[in-house]
Structures are given as C-alpha cells and as structure tokens.
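Visitor:
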Amino acid sequence: MGQASLYFWVHSITKNPKSKYFRPAIDFPLSLVYNTVIVKIYLWERANKMNDVFVERMVKKKFETTDMLVILGVILGIIVLSLVGIYVGFFMLMFPMLSLLIMAGAVFGGYKLISMRMLEYEYSITNGFVTVDKIMNRATRKRMTSFECSTCEDIGVYQEAEARLRTRSFDSRVFATQFADRRDSWFMIVRSGKTGKTLVVFDPDEDMQEAVKKFIPRSLKFEKFGRG
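All residue numbers for the sequence shown refer to this note's numbering, where the first residue is 3 and numbers rise by one.
1) DSSP beta-bridge partners for residue 121?
2) How should residue 112 be labelled, buried or exposed, when 16 other C-beta atoms within 10 angstroms of its C-beta is the threshold for buried?
3) Report the rounded CA-to-CA distance for residue 191 versus residue 200, giving the unit in angstroms.
4) Do you know offhand how far residue 42's Cα is from residue 205's?
5) Check each candidate in 77, 101, 74 and name the one with the smallest Cα separation from residue 86.
6) Beta-carbon within less than 8 Å of residue 211's beta-carbon, same chain only, minus the 5 sequence neighbours each way: which residues are those?
7) If you run the structure through DSSP and keep just helix, strand and coil, what is residue 209?
8) Cα separation between residue 163 and residue 106?
9) Should residue 149 be labelled buried (16 or more other beta-carbon atoms within 10 Å of its own) or exposed?
10) On the CB-based measure, 16 or more other CB atoms within 10 Å of its CB, does residue 89 come out buried or exposed?
11) Can you find at least 3 beta carbon pairs, one from the region 57-75 and one from the region 116-123, that sit closer than 8 Å?
12) Is the beta carbon of residue 184 sitting closer than 8 Å to the one on residue 202?
13) Select from 84, 158, 180 the residue whose C-alpha is nearest the C-alpha of residue 110.
14) Mind checking residue 63: buried by the 16 CB within 10 Å criterion, or exposed?
15) Using only CA atoms, which one of 134, 91, 79 lies nearest to residue 197?
16) Round the Cβ separation of residue 158 and residue 226 to the nearest angstrom and send it over; I've been treating them as touching at under 8 Å.
17) Within 10 Å of its beta-carbon, does residue 223 have 16 or more other beta-carbons around it, so buried, or fewer, so exposed?
18) Alpha carbon to alpha carbon, what distance is there between residue 104 and residue 186?
19) Between the beta-carbon of residue 176 and the beta-carbon of residue 142, is there less than 8 Å?
20) Quick one: is residue 68 buried, meaning 16 or more other Cβ sit within 10 Å of its Cβ, or exposed?
21) Going by DSSP in three states, residue 148 sits in which element: helix, strand or coil?
22) DSSP three-state call for residue 197: helix, strand or coil?
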C-alpha cells in the first residue's frame with residue numbers, strides 16, 4: 003500500500019466510527035503513530051534540503067593588452083584578405099562574385115575569432131560537486147571540467163604555488179580566471195572523470211571558498227586552513 007493510500011485509509015477509519023474497520027482501541031493509536039512518522043519524515047526531508055549547499059559565481063575575463071593585439075591582428079587579416087579577394091576576383095579571374103565571397107568569409111571568420119576573446123567563466127558547487135564552464139560571447143557554453151571536492155589533493159593561492167605547479171605533470175590544466183597573471187586566483191588539484199588529474203585555477207569569492215572547504219578531505223582542510 004502506497005504512502006498516500008495508507009494515509010487516506012487510516013484517515014477514513016479514524017474519522018468514520020461506522021466503518022467496519024473502525025476499532026477505537028487500535029485505530030486511533032495507529033493514526034497517531036502514522037501521523038507522527040509522516041511529520042518526522044517531512045521535517046527530516048526539509049532539514050536535508052536546508053542543509054544543501056549551492057553556490058554559483060560568474061566572472062568576466064578582463065580585456066588586456068594581449069587581447070587588443072589579437073583583435074588588431076584579426077582586423078588587419080580581414081583587410082589583407084579582402085584586398086587579395088578584390089585583386090583576384092576583379093583583375094585575375096574577372097569574377098567579382100568571388101571577391102564578395104572572400105570578403106564575406108574574411109569578415110565572418112574575423113568576427114568569430116574576436117567573439118572568442120569575449121569570455122566569461124561560470125563556477126558552481128552543489129553539495130561538493132563543482133562544474134567550471136566557459137561562455138563565449140554570451141552565446142556558446144563549453145564545460146571545461148567537473149569534479150567532486152572529495153578528490154582534491156591540494157588547494158591554495160595560485161601565485162604562492164605557481165613555481166612548483168609549473169613543473170608538475172597533469173592530464174589537464176584549466177585556467178578560468180579574470181586576469182592573465184592569475185592575481186587573487188586559487189588553485190585545486192583534483193581528479194575528474196572528464197579531464198583526469200587536473201589543475202584548476204579559478205577566482206572563487208568568499209562564499210564559494212567556504213563551500214569548497216566543507217567538502218575537501220578533512221586532513222587537507224586541516225593542513226591548509228587549520229581548525230577554522
């Protein structure tokens with residue numbers, strides 16, 4: 003008998019003294035016990051939901067000198083390809099439509115390359131499971147990595163450990179930071195089903211840092227952050 007069916011059966015016999023199943027000495031206590039159990043289950047489920055941890059953060063990659071140089075290079079490439087297209091289409095093959103196709107292709111390709119520099123990163127943690135996504139031009143989303151915090155082997159401020167991390171071997175390195183110099187960034191060394199042994203460098207805010215600390219191995223937490 004399902005939970006709802008059992009509830010309505012108990013409810014009907016305890017509220018209807020004429021029911022052939024009505025037994026005051028048994029059914030009223032049964033109803034009381036059943037309703038008590040239902041309330042406890044409800045409170046337990048509600049407490050579990052309240053204890054769920056979910057934190058989300060999005061950061062936008064800052065435009066820096068490197069990005070500007072790339073964009074200038076792309077624009078220069080568009081101009082050069084367009085001039086070549088005009089020369090080939092109008093003067094060599096006498097086929098103007100070819101010039102238009104080359105110019106259109108150059109502009110479209112240049113737009114795609116420039117839009118790839120407009121990056122945002124989104125991190126989320128749900129009960130210890132972390133995802134890191136890259137969003138290009140607010141249109142295309144790509145999952146960079148995902149992992150359980152319980153697989154974390156090391157954690158800390160990236161710039162403090164940058165020298166030793168450069169010499170270590172990883173299956174993947176994931177950089178999802180606002181600045182190219184990784185200022186104020188954190189790192190985690192984790193095991194991911196998607197990217198293997200992975201170095202993740204990102205910019206968690208204070209809320210996300212605290213959420214991550216709850217789910218990394220206890221010995222690592224004590225080693226890096228003490229008892230706090």
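Glycine residues also receive a C-beta, built at the ideal position from the N, C-alpha and C atoms.
Guide: Here's the rundown:
1) Within the sequence shown, residue 121 is the residue found at index 119, counting from 1. Residue 121 pairs with 138.
2) Taking the sequence shown and counting its residues from 1, one reaches residue 112 at position 110. The residue is buried, with at least 16 neighbouring Cβ atoms inside 10 Å.
3) Taking the sequence shown and counting its residues from 1, the one referred to as residue 191 is at position 189. Taking the sequence shown and counting its residues from 1, the one referred to as residue 200 is at position 198. C-alpha separation (whole angstroms): 6 Å.
4) As a working note, residue 42 is residue 40 in the sequence shown. As a working note, residue 205 is residue 203 in the sequence shown. Since pLDDT at residue 42 reaches only 49, below the 50 mark, its modelled position is unreliable, and no value is offered.
5) As a first step, residue 86 must be located in the sequence shown, where it is residue number 84. The residue with the shortest Cα to Cα distance from residue 86 is 101.
6) Counted from its first residue, the sequence shown places residue 211 at position 209. Here the set comprises 188.
7) Residue numbering aside, residue 209 sits at position 207 when the sequence shown is read from its first letter. In the three-state DSSP reduction, residue 209 falls in the helix class (H, G or I).
8) Within the sequence shown, the letter at position 161 stands for residue 163. Within the sequence shown, the letter at position 104 stands for residue 106. C-alpha separation (whole angstroms): 47 Å.
9) Locating residue 149 in the sequence shown gives position 147, counting from the first residue. Buried: at least 16 other Cβ atoms inside 10 Å.
10) Indexing the sequence shown from 1 puts residue 89 at position 87. By the neighbour-count rule (16 or more Cβ atoms within 10 Å), residue 89 is not buried but exposed.
11) yes
12) For this step, residue 184 is matched to residue 182 along the sequence shown. For this step, residue 202 is matched to residue 200 along the sequence shown. Against a cut-off of 8 Å, the Cβ pair of residue 202 and residue 184 comes out as no contact.
13) Residue mapping note: residue 110 aligns to position 108 of the sequence shown, counting from 1. Minimum Cα distance to residue 110 is reached at 84.
14) Residue numbering aside, residue 63 sits at position 61 when the sequence shown is read from its first letter. With 16 or more other Cβ atoms inside 10 Å of its own Cβ, residue 63 counts as buried.
15) Counting from one through the sequence shown, the residue named residue 197 turns up at place 195. With distances taken between Cα atoms, residue 197 lies closest to 134.
16) Here residue 158 is taken as the residue at index 156 of the sequence shown, counted from 1. Here residue 226 is taken as the residue at index 224 of the sequence shown, counted from 1. The Cβ separation is near 6 Å, so the contact holds.
17) The residue you call residue 223 lines up with position 221 of the sequence shown. Its Cβ being crowded by 16 or more others within 10 Å, residue 223 is buried.
18) The sequence position of residue 186 within the sequence shown is 184, counting from 1. The sequence position of residue 104 within the sequence shown is 102, counting from 1. Near 44 Å, if we compare the C-alpha coordinates of residue 104 and residue 186.
19) Your numbering for residue 176 matches position 174 in the sequence shown. Your numbering for residue 142 matches position 140 in the sequence shown. Contact flag unset, no.
20) For the purposes of this step, residue 68 is taken as the residue at position 66 of the sequence shown. Answer is exposed; the Cβ neighbour count stays below 16.
21) The sequence position of residue 148 within the sequence shown is 146, counting from 1. DSSP places residue 148 in strand when its eight states are reduced to three.
22) On the sequence shown, residue 197 is found 195 positions in, with the first residue counted as 1. Coil.
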